[in-house]
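In our numbering, the protein residues as written are 12 to 322. For each residue, glycine too, the CB sits at the ideal point set by N, CA and C.
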Amino acid sequence: MKVLLQIQRKKTKLQNLNYYNYINKKWKMKKHQIKYNKNHKHSKLLNQIQKNSQIIDHKHKKEQDQKVIYSQKMIQMLNFFEENNPQRQDLDHIYQLKTMIKHQHNLIFLNERYLLNNIIEERNNQIAELKQLLQKEKNLCQQLKCEFQKQNTQRGELEVVLLDCVNYIKKDIASRQIVQKQPFLGNTNKTQKIAQQIAFEDIDYRQFTHQDKKALLKKFLSSEQFLDQIYQLTFNSQMASTSQLKLNEKWKQDANDATKKFNNFKIYKFRNITSQPIIKQVISKQESNILNDLHDQVDQDQELVDQIVQN
């Protein structure tokens, strides 16, 4: 019995689940259908409004054309009656009718002209606004171009300075390689040939040692062009912002202080040797130790080369 009850419960649960899924799907379909109907109705309404506006415009134009044609025909008829009926009363009546028709005719044209003038005015205002926006965009583009050109010129100058420094270090490496190969050859003619073969342009940056890279950075950072660029970036922007103000004593004093600081900065030039005597002694000791190690290494290499030549 218990098993049967459990089976029955499971069946009812499954039935309930199926029914729930069925209702859920049904509602989803209904929702999609309502949404589709709304969109369809909206598009239908828009199309209907456009059609109605076109029909109204067409009717209005047709009525205006009919009025103009009718007024022209009436004027022709009145002209004909005026020519064929020379009586005074008829002539006065015809003249009154004629003036009335002409007045209506003029009103039609005036109304059309007024509408046209309004449309032209709106378009002219829109064109003027667009011209102002275009002028603003042109001014912004011009400012951006000027700034970009300034940045390019600054980068170009610094690149030229860096390339000069690299070429200088390459020449130094080439001369060093010649000095290293000179003991093996001994003849001066051969050294000249080697000097011609070792061109500094052929030396790759990968051949730079750590000391060469440090020397390159020192030379680049201590160049006057680099310092001038730093000065322009730090001080010229402040001067440009204060150039519109009137000159006074405080402004002149600030400018003089800035020039003094820059001159002191140029004299310093990123040197490693400082004014402290203890650091001077340490640096000189380190340099002497490095030179001694290099001399010892060169002597050892020369002894090895001599042994190889003898064998």
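Check	Outcome
For LEU174 and LEU155, I'd like the C-alpha separation in whole angstroms.	28 Å
Classify ALA139 as buried or exposed, calling it buried when 16 or more other Cβ atoms lie within 10 Å of its own Cβ.	exposed
Whole angstroms is fine: what's the gap from CYS176's alpha carbon to TYR242's?	21 Å
Just how far apart, CA to CA, sit GLU235 and ILE189?	31 Å
Compare the C-alpha of ASP223 against each of LEU238, ALA185, PHE237 and name the closest.	ALA185
Work out the CA separation of ASN136 and ASN129 for me, nearest whole Å.	11 Å
Rank ILE214, GLU158, GLU168 by C-alpha distance to the C-alpha of LEU238 and give the top, closest one.	GLU168
Is LYS181 closer than 7 Å to ILE214 when the C-beta atoms are compared?	yes
Could you give the DSSP three-state label for PHE237: helix, strand or coil?	helix
By Cβ distance below 8 Å, which residues in the same chain neighbour ASP183 in space, the five residues on each side in sequence not counted?	ASP223, ALA226
Buried or exposed, going by whether 16 or more other CB atoms sit within 10 Å of the CB of PHE231?	buried
What first and last residue would you give for the alpha helix (DSSP H) that runs through LEU2?	Past the edges of the chain, shown from 12 to 322, lies residue 2, and the structure says nothing about it.
Once DSSP output is grouped into helix, strand and coil, what is the label at ILE214?	coil
Could you tell me the distance, in whole angstroms, from the CA atom of GLN218 to the CA atom of GLU170?	21 Å
Distance check for GLN153 and THR220, CA to CA, integer angstroms please.	45 Å
How many angstroms separate the CA atom of GLN240 from the CA atom of ASN150?	27 Å
Using a Cβ-Cβ cutoff of less than 8 Å, which residues in the same chain neighbour TYR323 once the five nearest sequence positions on both sides are dropped?	Residue 323 lies beyond the residue range present for the chain, which begins at 12 and ends at 322; the question has no answer from this structure.
So, with DSSP's three-state summary, where would you put GLU148?	helix
May I have the straight-line CA-CA distance separating LYS271 from LYS142, to the nearest angstrom?	49 Å
From LEU228 to CYS157, what does the alpha carbon distance come to, in whole angstroms?	30 Å
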